[in-house]
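Heads up: the structure comes next, in structure tokens.
Chains as they are written, first to last, in our numbering: chain A, 398 to 513; chain B, 84 to 197.
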């Protein structure tokens, strides 16, 4: 079974430029998460989807960040415009369903973003 | 707000020995779940072990076990018979019973010495 796929793995951009990250969750997984992991820190949840609906986006900086999960499968996270402080690893995770009694999150390899 | 604290930024252990990683958390909820995740260098984060707060029995997965002290809000991970492949960053995580909040600690970097 293929795991969570993310692309690109690395991205270097100049500040004020736009950038987009793509995530393909494990087939059949209804719940998808985007996290940001700063250097030396644990991941911080940005947004959580159940199918195509964003059920928790309270930590997403909506002035410059946006996300979508059309058709409830793949998801894209966008930053426009990027700032120096956005440099981090962006992790995508998926789980079969949002049921904490059985939920296990499967993480992708992440996209390392560097903003110059 | 819930917080997760890992007070040991770095730990080391001799191969085949036992090591314990500490984690404390703060919550006002009675229903929640606790996790330990492993993140090897440049590789994907994977779940090591999970504990439901309503269960008194400590979770165990092969060489990995936890010491869950609900009253003390402590959730430590014990790795027995440490192997070189155990070297990684370990994150403690908390999830509320409603599933709406998920918090990670800052991580503990574990080195296994041959």
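Each residue gets a CB set at the ideal place from its N, CA and C atoms; glycine is no exception. As the structure is a computational prediction, the values presented were derived from the model and not from experiment.
Item                                                                                                                                                                : Value
Whose C-alpha, out of B/97, B/130, B/158, B/102, is nearest the C-alpha of residue 110 of chain B?                                                                  : B/158
Are at least three pairs of beta-carbons, each pair with one atom in the stretch 172-179 of chain B and one in the stretch 119-133 of chain B, less than 8 Å apart? : yes
Are there three or more Cβ pairs, one per stretch, closer than 8 Å when the stretch 430-450 of chain A is compared with the stretch 179-195 of chain B?             : yes
Against residue 139 of chain B, what residues of chain C qualify as contacts under a CB-to-CB distance less than 8 Å, listed in chain order?                        : Included in the structure are the protein chains A and B, with no chain C among them.
Taking all protein chains shown into account, decide if residue 460 of chain A is buried (16 or more other Cβ within 10 angstroms of its Cβ) or exposed.            : exposed
Beta carbon of residue 483 of chain A: closer than 7 Å to some heavy atom of the ligand FMN?                                                                        : The model on display carries no ligand, and the ligand FMN is accordingly not part of it.
Name, please, each residue of chain A whose Cβ falls closer than 9 Å to the Cβ of residue 168 of chain B.                                                           : None at all; the shortest Cβ gap to chain A is about 18 Å.
Under the three-state reduction of DSSP, which class applies to residue 459 of chain A: helix, strand or coil?                                                      : coil
Taking 8 Å as the threshold (C-beta atoms), are residue 108 of chain B and residue 86 of chain B in contact?                                                        : yes
Could you check whether residue 426 of chain A and residue 472 of chain A sit closer than 8 Å to each other, using their CB atoms as the reference points?          : no
How is the beta strand (DSSP E) around residue 113 of chain B delimited, first residue to last?                                                                     : Element bounds for residue 113 of chain B: n/a, residue is neither H nor E.
Do residue 507 of chain A and residue 488 of chain A count as a contact pair if the criterion is CB distance below 8 Å?                                             : yes
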